[in-house]
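Protein chains in written order, with the working numbering: chain A, 1 to 141; chain B, 142 to 282. Notes follow once the structure below has been shown.
Protein chains: 2
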Amino acid sequence: MNVKSPEGYHLSDQVGFNLRRANQRHVAIFARHIGDLTPTQFAALARLYEYKALSQNRLGRLTAMDSATIKGVVERLRARELVDSRPDLNDQRLRLVELTKAGQALFEAMREHALAARAETLSPLTAQEARQFEILLAKLV
Amino acid sequence: MNVKSPEGYHLSDQVGFNLRRANQRHVAIFARHIGDLTPTQFAALARLYEYKALSQNRLGRLTAMDSATIKGVVERLRARELVDSRPDLNDQRLRLVELTKAGQALFEAMREHALAARAETLSPLTAQEARQFEILLAKLV
DNA sequence: GCGAGATTGTTTGCATACAAGCGGATGTTG
DNA sequence: CAACATCCGCTTGTATGCAAACAATCTCGC
């Protein structure tokens with residue numbers, strides 16, 4: 001209970017441990033609702049749906065993935081032909097990533113399932129608690 | 142803002158996305174405070190400190206890691222001689238994992254740094270907000 | 001126009017994470 | 001006690017996630 005008690009280091013009271021577990025739980029819920037897309041893959045599709053075309057690095061920043069991670073995500077989405085990429089004519093360092101028609105359609109079809117997953121994740125909380133939690137969580141990112 | 146608006150799927154409003162980012166931030170803070178132990182490795186040491194000896198699977202359950210993950214964690218701790226493992230004489234399926242003296246000493250030395258990391262993670266919140274956040278988070282695990 | 005510094009995309013190496021499946025040990029139950 | 005289910009530790013395969021280093025490219029000050 002009291003994290004400052006002499007003998008007491010209680011792992012279950014540690015924010016980090018509970019953040020990790022809450023995230024694990026959410027990923028599992030998400031997987032049940034949206035079988036064939038991981039949360040990170042879905043996040044990339046969401047950003048591309050919103051911004052049309054993005055360089056790979058910028059997409060990574062908008063989805064909180066570093067360049068090594070986003071590369072793998074784009075690679076897998078590309079292998080499934082959900083996104084496409086082409087060189088930027090104005091800046092030869094960049095590769096612009098875009099949704100394909102199939103990618104757009106899949107995102108639109110999955111959007112409501114993602115919202116259902118979000119609802120289930122928050123289901124242990126009352127509506128007011130959930131609002132409060134989201135406000136506090138937003139301050140921690 | 143409104144996640145139900147017709148065009149609006151706003152990634153930044155999604156609990157899952159923010160849980161993931163909050164967790165990323167915590168891991169980074171933890172790494173600055175405790176350079177040479179990851180949060181999961183530290184969690185394993187904390188549980189072994191609390192329970193003395195545990196089978197590998199039970200340690201995994203207590204630290205929220207599946208058997209494949211906990212195996213790797215124990216392996217790395219073992220390579221650094223922070224833990225030791227031996228067969229259970231009463232149940233030949235089990236391997237009991239225990240802290241070495243070095244492991245105990247390291248955990249004791251790092252405990253306060255872990256608490257400092259926790260404090261920094263919560264530092265964007267007031268004391269009351271932090272309490273509230275921990276209560277709500279505990280309901281989501 | 002040119003050179004210092006920054007940015008992009010890439011690779012490698014390491015550390016979680018989970019699913020699925022394996023052989024061996026143990027428990028349970030008819 | 002024998003069939004059956006369960007549990008343990010392990011392996012493989014896939015997917016994040018970060019650090020560090022790299023070549024190619026761009027920008028900006030001078």
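Every residue gets a Cβ at the ideal spot worked out from N, C-alpha and C, and that includes glycine.
For the pair B/A260 and A/L115, the Cα-to-Cα distance works out to about 32 angstroms. Remark: C-beta atoms of A/T40 and B/R161 approach each other more closely than 9 angstroms. Counting the other CB atoms within 10 Å of its CB gives B/Q269 a total below 16, which places it among the exposed residues. Considering only beta carbons, the part of the stretch 107-120 of chain A lying closer than 9 angstroms to chain B consists of F107, R111, A114, L115, A117, R118, in chain order. Note that the C-beta distance between B/V214 and B/L189 is not below 9 angstroms.
Straight-line spacing of the CA atoms in A/S67 and B/Q165 works out to 15 angstroms. B/L240 has B/V224 as its beta-bridge partners, per DSSP.
Burial check for B/G244: the Cβ neighbour count within 10 Å reaches 16 or more, so the residue is buried. Chain A has a Cβ within less than 9 angstroms of the Cβ of B/A184.
Under a criterion of Cβ atoms nearer than 7 angstroms, no residue of chain A is adjacent to B/G213; the nearest Cβ is some 16 angstroms distant. For the 9 angstroms CB-CB criterion, A/I29 and A/A117 form a contact. If the five residues before and after B/A271 are omitted, its C-beta is found closer than 7 angstroms to the C-beta atoms of L263, all from its own chain and listed in chain order.
From the listed residues B/F183, B/L278, B/A205, B/V156, the smallest Cα separation to A/A138 is found for B/V156. Distance between A/D88 and A/L59, taken at the CA atoms: about 14 angstroms. Residues of the same chain with a CB within less than 7 angstroms of the CB of A/F42, apart from the 5 flanking positions on each side, are I34, M110, A114 in chain order. In this chain, the beta strand (DSSP E) harbouring B/A194 covers 194-196.
Taken atom to atom, the span from the alpha-carbon of A/K101 to that of A/E81 is near 9 angstroms.
The Cβ-Cβ distance between A/V97 and A/A64 does not fall below 9 angstroms. B/G176 is outside the set of residues whose beta carbon lies under 9 angstroms from a beta carbon in chain A. Looking at the backbone, the Cα of A/S85 and that of A/L77 are separated by about 11 angstroms.
Residues of chain B with a Cβ closer than 7 angstroms to the Cβ of A/K101 do not exist; the shortest Cβ-Cβ separation is about 18 angstroms. In the three-state scheme derived from DSSP, where H, G and I count as helix and E and B as strand, A/S123 is classed as coil.
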